[in-house]
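Engineer: Residues 8 to 196, numbered by my numbering, are exactly what the sequence shown covers, in order.
Even for Gly, the Cβ is constructed at its ideal location relative to N, Cα and C.
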Amino acid sequence: MDVYKIAVKIFASAPDGVGLDFVPIFHHWIQNQSVQGHRLIDVADYGHVAAGPGTVLVSSEANFYLDRGQNRLGLLYSRKLPLEGSFADRLRAVIGEAMKAAARLEQEPEVAGKLKFKTDEILIRLNDRLRAPPNDQTVAAAKGDVQAVAKRLYGDTAVVESQFTPQTVVEFTIRAKEKPALEALLKKI
Numbered sequence: 008m009d010v011y012k013i014a015v016k017i018f019a020s021a022p023d024g025v026g027l028d029f030v031p032i033f034h035h036w037i038q039n040q041s042v043q044g045h046r047l048i049d050v051a052d053y054g055h056v057a058a059g060p061g062t063v064l065v066s067s068e069a070n071f072y073l074d075r076g077q078n079r080l081g082l083l084y085s086r087k088l089p090l091e092g093s094f095a096d097r098l099r100a101v102i103g104e105a106m107k108a109a110a111r112l113e114q115e116p117e118v119a120g121k122l123k124f125k126t127d128e129i130l131i132r133l134n135d136r137l138r139a140p141p142n143d144q145t146v147a148a149a150k151g152d153v154q155a156v157a158k159r160l161y162g163d164t165a166v167v168e169s170q171f172t173p174q175t176v177v178e179f180t181i182r183a184k185e186k187p188a189l190e191a192l193l194k195k196i
């Protein structure tokens, strides 16, 4: 698997983040260049788009979204530039970046106590229709690595599901019965 354009969404337990403004938080992150390994550039707010990308923090390497896709708020980390290593290495790195950003957001004073991220569900998108076309072969090529990451994070209780249509990209959902803290998962990734 030669895919590096991987997107990972960590869902929020808050239904839609009503009343939370992420623009000033992301501006603060840019001013302090708060995300190691990322050159933070700009913020855009698409809050007016129903079930859309929400607030976007743009960096050279990846975009961070407070995404409202599927009418479910979550932090979506979408990698744009290549990463070293195997597909499994890149997958772990992208999941780790999403979890670090989610943990950081939970600690921001503006959202502390108002926003919590769930840890029993992770959405993974292979956001490259050329290198990972939406078909059964792509699912078969990636599923073993996704299952290995799921087992690493949650043990044998994790369930991995995949889906795609000709109009979408390949997606995997990892679901677990347990809900460990983000910090505990970060130590395992």
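1. I need the boundaries of the beta strand (DSSP E) containing E128, first residue and last residue.
2. Under 8 Å, do V167 and V153 count as touching if we go by C-beta distance?
3. With a CB to CB cut of under 8 Å and the five nearest residues on each side skipped, what residues in its chain are close to F171?
4. Determine the closest residue to L133 out of I102, V56, A119, E185, with distance taken between C-alpha atoms.
5. A14 and Y84: beta carbons closer than 8 Å?
6. Across which residues does DSSP place R86 in a beta bridge pair?
7. Does the pairing of the stretch 94-101 with the stretch 29-37 give three or more beta-carbon distances under 8 Å?
8. Could you tell me the distance, in whole angstroms, from the CA atom of G76 to the CA atom of K16?
9. Considering only residues of the same chain and omitting the five flanking positions on each side of G54, which have a CB-CB separation below 7 Å?
10. I131 to F18, Cα distance in whole Å?
11. Please go through the same chain and pick out, in chain order, the residues whose beta-carbon is closer than 6 Å to the beta-carbon of V124, but skip the five residues on each side of it.
12. Closest by CA to F94, which one among L73, V65, A148, L192?
13. Could you tell me whether the Cβ atoms of D127 and A183 are closer together than 8 Å?
14. Can you grab the Cα-Cα spacing for the pair V30 / G92, in whole Å?
15. Return the first residue and the last residue of the beta strand (DSSP E) that A100 is part of.
Structural biologist: A quick look at the data gives this:
1. 124-133
2. yes
3. P141, N142, T145, V146, V177, E178
4. I102
5. yes
6. A69
7. no
8. 10 Å
9. G61, T62
10. 12 Å
11. A small fix is needed here, since residue 124 is Phe in this sequence, not Val. Same-chain partners within the cutoff: I17, A19, A109.
12. A148
13. yes
14. 33 Å
15. From DSSP, A100 is part of no beta strand (DSSP E) but of the alpha helix (DSSP H) over 94-114.
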